[in-house]
Amino acid sequence: MYKIGTLNKISPAGLARLTDEYTIVDDVQEANGIILRSYNMHEMELSENLLAVGRAGAGVNNIPLDKCAEQGIVVFNAPGANANAVKELCLAGMLLAARNIPAGYTWATTLIGQDEVGKAVEKGKGQFAGAEILGKTLGVIGLGAIGVLVANAAEGLGMNVIGYDPYLSVKAAHSLSNTIEIVDAVKDLYPKCDYITIHVPVMDATKGMIDAAAFAQMKDGVVFLNFARDKLVNDTDLLTALDSGKVKKYVTDFPNDAVIGKEGVIALPHLGASSAEAEDNCASMAANEIMDYLENGNIVNSVNMPACTLGPKKATRICVISKADAGALEKVAAIADGDVINKTRGDYAYTLAETTGDVDESAITGDGIIRVRVLK
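If you want our numbering, it's the position in the sequence shown, counting the first as 1, plus 61.
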């Protein structure tokens with residue numbers, strides 16, 4: 062019987078994926094697997110019982126990935142499970158900015174209690190006139206699961222769309238409309254677009270990538286949408302661009318101290334994945350990933366270990382997490398008589414094998430061997 066702990070309120074639909082081989086426990090120190098959303102695990106003591114962590118979402122900044130890897134704990138996320146929810150909110154954000162809806166809504170609420178509201182509306186509505194998105198150009202930076210959906214949907218609404226992604230996958234390319242223009246450099250996207258949306262992960266290469274130099278290359282009056290992460294944008298440079306009129310509106314799902322309440326900023330309270338459907342999808346994917354790992358040893362959609370799978374378990378399975386130079390493959394191959402697979406990711410390796418014979422775990426020890434599991 063495997064034990065699963067939760068660190069946030071998790072969708073019942075996701076937890077319902079767990080079979081009779083699993084029980085939900087209140088004490089996460091007892092858990093073999095943890096499912097969470099935004100709970101911060103960085104200061105948490107990681108139990109020796111813990112084998113896997115499933116993030117019911119895409120971002121994993123709240124999980125200590127290196128610490129987990131060092132202790133042989135596989136961390137999974139749910140890429141694409143909330144993509145449609147983020148896509149829809151991104152399109153809504155674009156329309157909020159285009160039609161000046163937040164300002165118009167706020168003004169309309171000031172008419173409460175006045176006589177002849179209808180006349181006041183007709184007199185005052187002109188100050189909130191906006192623009193249509195039909196025929197305008199949208200630039201999409203990052204063509205992963207979300208970016209592709211945004212690009213295709215915007216084109217369906219009559220927009221011209223330009224995409225940029227130096228790591229465009231074959232799967233994403235096949236999903237992307239073949240009439241969408243792809244540029245090789247982001248500098249070729251900036252000056253052509255009335256709206257720009259970013260959908261890339263935060264990493265050293267992308268932190269603050271939307272800075273003064275980027276804004277300078279954009280059209281005057283551009284609307285910039287950020288439904289990815291706030292750290293992608295240099296806040297100081299953004300506020301300067303808003304003050305000068307270079308950026309007309311900044312629409313973000315990640316308010317912070319620097320931008321909240323500033324003129325031209327439309328800030329939403331991180332609602333991208335906050336739909337019932339997205340929460341169900343993310344939790345279900347996280348539960349499935351953890352079960353596949355605990356029962357079969359397969360690793361799919363891990364963010365700290367290599368992808369490695371042998372499909373459903375047909376015989377005794379040997380699962381070894383190790384340092385990449387620990388020689389785990391040779392040790393496992395010497396005692397397994399079935400399929401053996403070994404994958405590496407950075408400093409870590411994962412070896413998965415099947416065997417019909419008995420397994421002597423003492424033969425799979427040594428420097429760099431982090432965790433050994435034998436699944437019968």
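Where is the CB? At the ideal position from N, CA and C, for every residue including glycine.
The alpha helix (DSSP H) enclosing residue i, as first and last residue numbers
i, result
"F189", "Taken as a continuous stretch (DSSP letters only), F189 belongs to no alpha helix (DSSP H), as it is neither H nor E."
"G154", "144-159"
"I207", "206-217"
"Y251", "Premise fails: Y251 is in no alpha helix (DSSP H) and is neither H nor E."
"E131", "126-131"
"I162", "162-170"
Residues near residue i by beta carbon distance below 7 Å, same chain, minus five either side
i, result
"E82", "M62, Y63"
"G165", "F189"
"A233", "L204, G205, V209"
"S99", "N69, N123"
"L332", "L150, D314"
Proximal residues to residue i (C-beta, below 8 Å), its chain only, five neighbours per side dropped
i, result
"L172", "V178, A181, V182"
"E106", "Q90"
C-beta atoms of residue i and residue j nearer than 8 Å
i, j, result
"Y256", "V294", "no"
"M279", "K307", "yes"
"I95", "L111", "yes"
"G314", "L150", "According to the sequence shown, residue 314 is Asp rather than Gly. Their beta carbons are under 8 Å apart, which means D314 touches L150 by this criterion."
"V393", "I379", "yes"
"N143", "A334", "yes"
"T258", "V201", "yes"
"L152", "A192", "no"
"V135", "A113", "yes"
"K310", "I327", "yes"
Option in the options with minimal Cα separation from residue i
i, options, result
"D408", "Y100, E91, H103, D127", "D127"
"I194", "A159, V312, G66", "A159"
"K374", "E356, N365, S363", "E356"
"E340", "R116, A266, F276, V263", "R116"
"A130", "K248, A92, E109, A74", "E109"
"M220", "T240, I207, Y228", "T240"
"L250", "A277, M102, K384", "A277"
"T416", "D304, L436, D226, A410", "L436"
"S345", "A92, R78, G325, V433", "R78"
Residue i - containing beta strand (DSSP E), residue span
i, result
"A274", "A274 -> not in any beta strand (DSSP E); alpha helix (DSSP H) instead, spanning 273-278."
"E340", "Not the beta strand (DSSP E): E340 falls in the alpha helix (DSSP H), residues 337-357."
"K309", "308-313"
"I259", "256-259"
"C380", "377-384"
"A328", "326-328"
"Y225", "221-225"
Contact test: residue i Cβ vs the ligand MN heavy atom, cutoff 7 Å
i, result
"G185", "As far as ligands go, the structure on display features none, and thus does not contain the ligand MN."
Own chain residues within Cβ distance below 6 Å of residue i, not counting five before or after
i, result
"N342", "A142"
"S238", "N213, E216"
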